[in-house]
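If you're matching positions, the sequence shown starts at 806 in our numbering and goes up one per residue.
Quick reminder that beta carbons are idealized off the backbone N, C-alpha and C, glycines included.
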Amino acid sequence: MNIGFIGAGKVGCSFGHYLKQQGFSIVGYHSRTRESSFYAANLTRSSPLNFGELIKKSNYIFITTPDDQIGDVWNKMVDFDLSNKKIFHMSGCLSSAIFTNCKDKGALCYSLHPLFSFAGKESSDLEKVVFSIEGDNIEKVEEFLHKANIKYFVMNKEDKPLYHASAVFVSNYVVALAKIGQNLLLQCGLDKDLSTDGILPLMESALSNISQKGINDSLTGPIVRGDTSTIKLHMENLPKYKEVYEKLGLVALEIVEEKGNLSNENIEEIYKILRSDSNEEDCGNI
């Protein structure tokens, strides 16, 4: 397998580095800038290549550009002989449908995406990362996936937006929640550095609990305890973030219902507090 990358950003460099560590042959990188191509090539002991060279020398091609450039890259690729080539993009949201007329070109096309947040261009510790793959004839690339030690699941094209929204919730929005927590601590008089120091162990302990106990058994706090007086105080003192607290509280209440550790009366009372701005008739939809 001769592997080439179009795009030399965080994902392209990191995944190429990972594949190199797994013993694969990386033939090279093509990027919009000479500097990024040379950096990626040096990282993977491969070569910076022009577009045509990369297509010709590679039989596995990974498009690791921003999402809005994938279609343009493909439209440029179709001018070349793509017979028997396996072509992947690594967008979380887009499906393989973006590779229009792929079969007519004699290629097999897929979307492959890691559930991982790449902090830099050398984030290649991917052994525990779960990937999604989508496209026709997955069996044609199973050998590659197994040799690369990729833990993966197969998904449908139409589920890609929902899948990517899931990744946004557990990655991007975790950062947004940390920002909310920091802002509230700043209002309490902490400085920015100390607020970060306070937030990190709390978030890390929550993630550790999920790893050890699973999601439902890791929920702590006033909702799982049925502490209605605390929930009321929170709602009264969160003018800016009240709606966020409410929506996340309702999700936490779903967990409580699944666990079955509170009475129906207590659950309904919490629901009414969280939906304090809603009509009373809505409160039965728990």
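Nearest-angstrom Cα distance between residue i and residue j?
i, j, result
"F788", "G897", "Because the chain here runs from 806 to 1091, residue 788 falls outside it and cannot be looked at."
"Q1017", "K933", "15 Å"
"I1078", "G1031", "12 Å"
"Q827", "E1062", "45 Å"
"S1023", "E948", "37 Å"
"L991", "S976", "23 Å"
"S1020", "I1060", "In the sequence as presented, Ser is not what sits at residue 1020; that position holds Ile. Going by the C-alpha atoms only, they are around 9 Å apart."
"P966", "P871", "16 Å"
"I1075", "I1036", "8 Å"
"E1093", "L1067", "Because the chain here runs from 806 to 1091, residue 1093 falls outside it and cannot be looked at."
"N880", "V832", "22 Å"
"A972", "L920", "7 Å"
"S929", "E858", "26 Å"
"V935", "F923", "14 Å"
Among the options, whose alpha-carbon lies nearest the alpha-carbon of residue i?
i, options, result
"G911", "T1001, I868 and I892", "I892"
"L1007", "I1020, Q1017, G1019 and G986", "G986"
"L899", "F921, I938, I1015 and M882", "I938"
"L1038", "S1081, I943, S1013 and N864", "S1081"
"N961", "G857, A972, I943 and F974", "I943"
"C993", "G876, P853, G1054 and L1043", "L1043"
"G1054", "G1003, A970, T1025 and L1012", "T1025"
Can you check whether the CB of residue j is closer than 8 Å to the CB of residue i?
i, j, result
"K815", "G925", "yes"
"F885", "G817", "no"
"A1057", "I1028", "yes"
"K890", "N864", "yes"
"M895", "L917", "yes"
"S830", "I808", "yes"
"S819", "E927", "yes"
By Cβ distance below 7 Å, which residues in the same chain neighbour residue i in space, the five residues on each side in sequence not counted?
i, result
"R837", "none"
"K1047", "M1040"
"C914", "I892, S901, F904, C907 and G940"
Within a Cβ cutoff of 6 Å, which residues of the same chain sit near residue i, ignoring the five residues on either side of it in sequence?
i, result
"F810", "G817, G821, Y834, F867 and T869"
"S786", "As displayed, the chain neither begins before 806 nor continues past 1091, which places residue 786 out of reach and without an answer."
"Y823", "S929 and L931"
Taking its Cβ as the centre, do 16 or more other Cβ atoms sit within 10 Å of residue i, making it buried, or is it exposed?
i, result
"H951", "exposed"
"S851", "buried"
"V878", "buried"
"G812", "buried"
"V980", "exposed"
"V946", "buried"
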